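Protein sequences, first through last, are from chains A and B.
If you're matching positions, the first sequence starts at 163 in this note's numbering and goes up one per residue.
If you're matching positions, the second sequence starts at 42 in this note's numbering and goes up one per residue.
Glycine included, every Cβ here is placed at the ideal spot set by N, Cα and C.
Fair warning: this is a prediction, and the values are worked out from it, not measured in the lab.
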Amino acid sequence: MGEALGPLFVPKPQFHLLWILGLAAAAGAIGIALYALIRGRLSARLGLAGLGVLPGFVLLIADLDMLDRSKELRFCGSCHEPMAPLVASLQEVNGSLASIHYQSGAIKGDTACYTCHSGYGLLGDVAAKRAGLSHMWHELRGSYEYPLAMKGPFDIDACLDCHRHAPKFRAVAFHTDPETQARLVARELSCTGTCHPSAHPAESLNGSGTRKR
Amino acid sequence: MIRLAAALVLIGCVPAAQVLLDPTGPSAIRFTFFGTPCLLAGIGFYVLARLR
């Protein structure tokens with residue numbers, strides 16, 4: 163998409179040494195496992211490498227790589243039934259909060275979903291990964307319920323993490339009002355869908371309809 | 042038992058390679074719910090075979 167605009171708009175390719183090592187280890191483990199399947203026996207050293215160390219390494223690297231790259235917008239949008247309409251709605255001007263942020267470049271485009279849907283700090287990352295596992299389970303079983311809705315209130319720390327430092331945000335009287343702050347801290351009030359537009363357009367929460375319900 | 046371990050490692054390595062090459066939701070699902078248990082079981086059966 164960016165290629166037509168020139169080299170400035172093409173993301174730089176990224177090569178990870180661990181990614182290459184992981185693939186090499188997988189190829190090695192597959193080769194040794196095939197040999198063991200055909201021969202029915204292995205020397206102790208080859209067995210340790212091919213059925214112990216290499217698969218363990220593959221497991222570790224694939225998990226780490228998956229955890230890291232699951233932050234990407236492309237990853238979220240690849241589950242077509244529930245998420246593709248949401249990702250598509252980011253990329254059009256529709257006045258939703260997510261679209262406003264994405265279109266104005268206020269969030270990193272490659273990791274737009276993760277930026278807003280992971281809470282603050284390390285525990286926020288852990289909670290996002292736990293939620294991701296639950297998303298994968300729902301996708302596997304086809305048990306998503308529509309319209310999509312968050313389980314609990316949206317974690318406003320994801321908003322405040324960026325906005326609390328901004329003079330423009332601090333200058334708004336409503337943001338510094340003690341009663342409003344108390345309600346926000348108690349999670350009785352959220353930023354989105356109340357004073358600010360809804361996070362996503364309502365029609366994008368109904369899935370793409372590619373799977374029979 | 043070595044053959045069983047080898048088969049499980051072989052089966053587990055395929056979704057692992059797939060998720061490394063093309064990290065998408067469906068490949069991550071295959072790796073998490075199918076590849077990971079296969080790899081763990083393969084390693085486990087190999088260790089059991091060595092201990093016997």
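- Assignment of Thr-354/A by DSSP, reduced to helix, strand and coil, places it in the strand class.
- For Gly-304/A and Pro-217/A, the gap between their C-alpha atoms comes out near 30 Å.
- Cα atoms of Glu-234/A and Thr-273/A: separation of roughly 5 Å, rounded to the nearest angstrom.
- With a cut-off of 8 Å on Cβ pairs, the region 43–58 of chain B is in contact with the region 188–202 of chain A, counting three or more such pairs.
- In this structure, DSSP gives Thr-77/B a helical state, which the three-state scheme calls helix.
- Following the DSSP letters along the chain, one finds Pro-244/A inside the alpha helix (DSSP H) bounded by residues 242–252.
- The beta-carbon of Leu-61/B is placed less than 9 Å from the nearest beta-carbon of chain A.
- Two segments are said to touch when three or more pairs of C-beta atoms, one from each, lie closer than 8 Å; by this definition the region 336–355 of chain A touches the region 304–323 of chain A.
- For Leu-221/A, the nearest CB of chain B lies under 9 Å from its own CB, placing it at the interface with that chain.
- In terms of Cβ geometry, Met-298/A and Thr-73/B form a close pair [threshold 9 Å].
- Neighbourhood of Met-298/A in chain B, by CB distance below 9 Å: Gly-66, Ala-69, Ile-70, Thr-73 and Phe-74, in chain order.
- In this chain, the alpha helix (DSSP H) harbouring Ala-274/A covers 274–279.
- Sequence-distant partners of Ala-246/A (beyond 5 residues in either direction) whose C-beta falls short of 6 Å from its own C-beta, in its chain, are Gly-239 and Ser-370.
- The beta-carbon of Arg-93/B is placed no less than 9 Å from the nearest beta-carbon of chain A.
- Here the alpha carbon of Ile-70/B sits roughly 13 Å from the alpha carbon of Cys-79/B.
- Neighbours of Ala-58/B in chain A, taken as residues at a C-beta separation under 9 Å, are given in chain order as Gly-184, Leu-185, Ala-188, Ala-189, Ile-192, Val-220 and Ala-224.
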